[in-house]
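Everything on this sheet refers to the single structure shown next.
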Ligand SMILES: Cc1cc2nc3c(=O)[nH]c(=O)nc-3n(C[C@H](O)[C@H](O)[C@H](O)COP(=O)(O)O)c2cc1C
Ligand code: SF4
Ligand code: FES
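Protein chains in written order, with the numbering used here: chain A, 19 to 444; chain B, 494 to 1417; chain C, 6 to 176.
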């Protein structure tokens, strides 16, 4: 048993475990156990009860998601598992750590998920720029094949699985699970309408589960050590551990596996070493670029989906971006707006045409010439690009930092508008 | 039926539909862009936002897209809710940030859905003060303009062009706010239905290039409901005129036929109306010794006098399948039934007669175009419908998607969820089998295309029929044929709604019988109704009408020409007919040489009418009223759009002299009314005429919109006095803006308009529901009744037709009149010969080189196109208005012509304009 | 697929190399639908040719039995398919939020000055193209850039100088 199921094998100062080392460290035991003793329904129940929530950002209960996949005789024969490894959310660097640090753990997790939904083909949708991960995963897949852990009739269980690595070509929207499916099918990566949900009609119209890398890496532990253990890992309401990162002007930026429920302060001060000398904490985005700013007063909150939700933000990817007192909050949000504007897929109007307008306004704030009326335009867009208004969650994600910045940094905006540009640049 | 509440009012709805569609069906004004009645919803534009409440107690509600939300029973929504209104105004504001606001110079202005929606959504002040995104435009060929700066990225163009019409060369390119809709490289849009982009695009990105060349605002066009003369499908159109010339053609909704879409021949083929080949005055070849052979112009009165004088004796009258019943009836009346002859080629007449008999047979049913779309298994026999009756092809592209609809229904995905349905179905298509001598443009969606000569097709059909019902047809002679026949037969048998489509272009009666036999055999498996759908495309706009008329007496063209050649007539009147398209040069020469006087009434100069002594200019379809009968036997009225120059007259006016007693000129209406009373084939046709009672009898329908401008100034350069508007003594329409408002009476609906709806999308205001029937208006009158007992026809032997030469049709070029339109000419190619690779080798022919073909005394040199997809042994000839088909119809001998490289280059260039499909693979 | 016998002005599909075909063929075995390989095939071509020319695009489209227009719709959607020629080394410079906080703008200016190119430009010697890239997922070691398959982290002006002089020397 371990209290760091995700990172126990990871040591970035050396190469990741090969399959031999991995097995020696207890790797693939869960698969063996599962294939010998568990029916797909058993695994589904286990994951459901474990309380595992998706680590891709939305925090949707994984077992519940899986349960929508049609099973049994009447279900379509072909089903797919797809791993969302398109990590491109600004400030997010956790899936990279898992894939570069312990590629076999992901494969092991995939086997469990694929077996549960009885998918015999699984794709890893990997971000094109993750070259190191590509190399390591390719190698790991080959190794697993070599040891009979992939392919036909795995370990005599009658279960077949092929894992195929797909590398993308750089678009944030491909991380949105339905856009990802379109991309995988070789189409323009515009998202799809839901319903129908991918669990019912996904890749090539077949039932499909899309899960985040980290989500899947939780599975071997759950199968190996059970629900009690898994729940016990969390300190608060949520079960398990979470990869948490900190970037920005802190002494020791990085990514760590922490129990869910750990106070944010512990992450920022103990793990990341606190702010760099001469810098004060001004605010932080708790879970990547599409979450709302939290303030120093929130440091004692715990890393829990609900707790952070109640404070008006989201745990999302768990990778925190720190805004210090010498960095312009308007500039920071402007940077995010430029990103979201460029990464809009161009399908729906509010996002495609709204974000570039916002981006223009931020550029004007920066250069000088911003207008008081620009604030109204920004405010209008908060609702207009909000949840349900746009086709997918990209634009609402973009509105999170913007909306909270408009609340928390009014004075800074005011300074930009009335002071002829960015005070930090003047 | 379910009920929904919209802003407090309860409406009955069909829960299979979405909220937007139901709101529009109930006449509510709700803005939208990406949704289209034929293409469903994708939720991209977000313009159709409404507020939806969970139940009566829910006071907050959420904003949803009405096009993406089912109209489920009990749904409570609000269009007027402040948040929904705000959302819609935000969307339109966004859409307009990079729009050039060039309405004053934009061809779409005044009939622009974007203008309408901008008004409706309440956007009038521009807050965006940054640089607009701009694009470079592409030259998309002779039909379509491209002005990308006007784009609002609704994605309708690519959804229509690629997903609906099967186009391959228009794509969404780029991303975020730089999305671009165009080709990967500049060039002519290949798809035969590209013109619909003009109407599908809600703004002015894709506009009609032919229209731009002589542009007029929609409200300044004089219009009338018309019927397309491009082929025998009978699509409904709205031509528009200004200052005496025809300016454009747009689609006119017909529930059963063309729906919202036309083909490019129909839309862009009007240019001949003002081409320099138009006959603009009457002329007579002088017989005086001193100026023998000189053609001299005549005034209308002189011409009429000459005409009457020349045709006072024994006259032969030859009718026309490309002009109205009225014109043919007038000719028939003038010359008498026994002197009236059909203007078809002999084999064509036999074929149409065979088709009529099939159309009368109980147990068979001639599907309209909408019914074609609903077929779940289609067999196309020989006819290259994309090129002969193009609108059928667009319908079959929808038919193959019925498999997707079935899968979606099973998976409980609403059919309007366009993307989801496509995703679910992937490449699964309903079966479509094609028998053809060469690869066709529908092959990409066909289950299989069986390449074969006419004889081989007949054999395969016989084998199919035989498998279905052993009492019909013949067993296949080889195992390969057997296997193919089995696949076709089993697909047809298992289909709920099978449909067989053919035509008469092969000129083979045997093929028609063999085709009908498959349908007859199928009768015993018929599930849905007791009749099997089988239809035959007709080449010309009134082929069927003329053929029906011939049932009431009259001879064939051969009879006429033989009679003339025997010198048994004093004169011949040829009505709108280029006889070189109907028979051999020898037959024409023989006839003309013995006929003292030949009078031709026609629209365009051609080689044949150059030989007429008296040439009388006739009005075009847009300049006269007339009735055309389509392939189903559906008679439809085509209304005069504008008055032609006084020198031009409709055929019936030339032909019917003034009634000396009443002094009333015969009108098209009286001709039809009278004939409907006296000729049994036309009985019922009088229903096409406007009611003789009620308000319509008192007031006319205006051809001009209530905004028609400049009327008082139109002739000011000639005379400061406002010219009196011409009176229409013929029809229920007037050449003015006064009369019955559309909102009161839309039975003569040409250009749809409703308050706040200036674009063609106003049509929804005139439908009983979205995609439904027009609330008013006439869908035409079916002249064919199913009166013949079902029967099993004689087996057809494949040796009944052994021709290896087949004649190729092209959408751009094969129809006589449209071919003379500049835009169509730009897409046309000259005559050529087409063979397969093996045959080319055998004959020593080289790609793009020339071949000499000869048959009897006739020879011609043609560029050679070697195709991959062509039946071995088959020889295709495209006549291209250059060579006489009948001269080569009975087999040809072929030899290669030694080539210099110039010729190769020239013909390569010619073929580069040709769009054909020649891929080995069907639908992957 | 339509054949429009091409006139001389239009680009014509080039022949794919044996290697390219071989690699594309392999990809085809991994997906149930040929079309799904479009992006992979473009990446393969780009790997060999440096960028995706019209001729290459058409060749790939032909090979996959799809229209060049449709394939270009995919190619132009993605950031990392280059439809214009690029330098031998493409510098993907992260300009997203964490790198921005850590001063990537200054580093970018430094690179621009040193190489004489701005975003989207290629050095005169065809050696380098500079492109911005969204977050490279190395935020704890910001600023970062990716060049030649190698991630360069914790960038400083000095480090940049070092990297480029080293490369100049190695050439
Ligand atoms: C614009 C956008 C980008 C996203 N990017 C990612 C991503 O890079 N990786 C990821 O796992 N999920 C991403 N997501 C979330 C996915 O849509 C999806 O919720 C997730 O992959 C589900 O996996 P999980 O249930 O395991 O969390 C993104 C969502 C949106 C709207
Ligand atoms: S919100 Fe709309 S435009 Fe933006 S990424 Fe999603 S679908 Fe595309
Ligand atoms: S019409 Fe509903 S989103 Fe476009």
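The beta carbon of each residue, even a glycine, is placed where N, CA and C say it ideally should be.
Predicted model, so just to flag it, every value in this text is computed and none were measured.
Between residue 718 of chain B and residue 1243 of chain B, the C-beta spacing is below 7 Å. Within the region 579 to 599 of chain B, the residues whose Cβ lies closer than 7 Å to some Cβ of chain A are 580, 583, 584, 587, 588, 590, listed in chain order. Counting the other CB atoms within 10 Å of its CB gives residue 394 of chain A a total below 16, which places it among the exposed residues.
Boundaries of the beta strand (DSSP E) around residue 1386 of chain B: 1386 to 1390.
Distance from the C-beta of residue 1201 of chain B to the nearest heavy atom of ligand 3 is not below 6 Å.
Put simply, of A:131, A:306, A:371 the residue whose alpha carbon is nearest the alpha carbon of residue 399 of chain A is A:371.
Positions of the beta strand (DSSP E) runs, each at least 3 residues long and wholly inside the region 973 to 1012 of chain B, are given as 991 to 996 in order along the chain. Look at the beta carbons and you see the region 1286 to 1305 of chain B touching the region 1004 to 1023 of chain B: at least three pairs across the two are nearer than 8 Å. With a cut-off of 6 Å, the C-beta of residue 409 of chain A is classified as distant from ligand 3, since no heavy atom of the ligand falls inside that distance.
Any Cβ of chain B closer than 7 Å to the Cβ of residue 32 of chain C would place that residue at the interface, and such an atom is absent.
The C-beta distance from residue 1280 of chain B to residue 853 of chain B rounds to 6 Å, short enough to fall under 8 Å.
If you check each beta-carbon in the region 358 to 377 of chain A against every beta-carbon of chain B, the ones closer than 9 Å belong to 359, 360, 361, 362, 363, 364, 365, 366, 367, 368, 369, 370, 371, 372, 373, 374, 375. Placement of the Cβ of residue 443 of chain A at a distance of 6 Å or more from every heavy atom of ligand 3 is found. Taking the Cβ atoms as the reference, residue 121 of chain A lies roughly 33 Å from residue 365 of chain A, outside the contact range of under 8 Å. When secondary structure is reduced to three states using DSSP, residue 1309 of chain B falls in the coil class, being assigned neither helix nor strand. Residue pairing by DSSP places residue 342 of chain A opposite A:299 in a beta bridge. For a cut-off of 8 Å, the C-beta gap from residue 695 of chain B to residue 607 of chain B is around 5 Å, short enough to register as a contact. Annotated as distal: residue 96 of chain C and residue 57 of chain C, with beta-carbon spacing of 7 Å or more. Chain B has no Cβ within less than 7 Å of the Cβ of residue 27 of chain C.
Secondary structure remark: continuous beta strand (DSSP E) runs of at least 3 residues inside the region 627 to 713 of chain B, in chain order: 637 to 639, 664 to 666, 673 to 675, 699 to 701. At the C-beta level, residue 358 of chain A and residue 416 of chain A come within 7 Å of one another. Each of B:981, B:633, B:578, B:1165 was checked against the Cα of residue 1183 of chain B, and the nearest Cα belongs to B:1165. Listed in chain order, the alpha helix (DSSP H) runs fully inside the region 731 to 788 of chain B are 757 to 761, counting runs of at least 4 residues.
Across the region 73 to 98 of chain C, CB contacts with chain A closer than 7 Å involve 78, 79, 82, 83, 84, 85, 86, 97, in sequence order along the chain. According to DSSP, residue pairing for residue 500 of chain B in a beta bridge does not occur. Proximity of the region 827 to 836 of chain B to the region 1031 to 1051 of chain B meets the contact definition, three or more beta-carbon pairs being nearer than 8 Å. Put simply, the CB of residue 668 of chain B is near chain C, with a gap under 7 Å to one of its CB atoms.
For residue 1357 of chain B, the enclosing beta strand (DSSP E) stretches over residues 1351 to 1360. Under DSSP, residue 870 of chain B shares a beta bridge with B:991. When 8 Å is used as the limit between beta carbons, residue 141 of chain C is near no residue of chain B, the shortest such separation being about 20 Å.
Residue contact check for residue 211 of chain A against chain B: a CB pair falls below 7 Å. Relative to ligand 1, residue 259 of chain A has its C-beta separated by 6 Å or more from all heavy atoms. Under the three-state reduction of DSSP, residue 1327 of chain B is assigned to strand. When the five nearest sequence neighbours on each side are left out, the beta carbons in the same chain lying within less than 6 Å of the beta carbon of residue 1143 of chain B are those of 1112, 1117, in order along the chain. Taking the C-beta atoms as reference points, residue 1241 of chain B is found nearer than 7 Å to residue 1194 of chain B.
About 7 Å separates the beta carbon of residue 637 of chain B from that of residue 691 of chain B, a gap short enough to meet the 8 Å contact definition.
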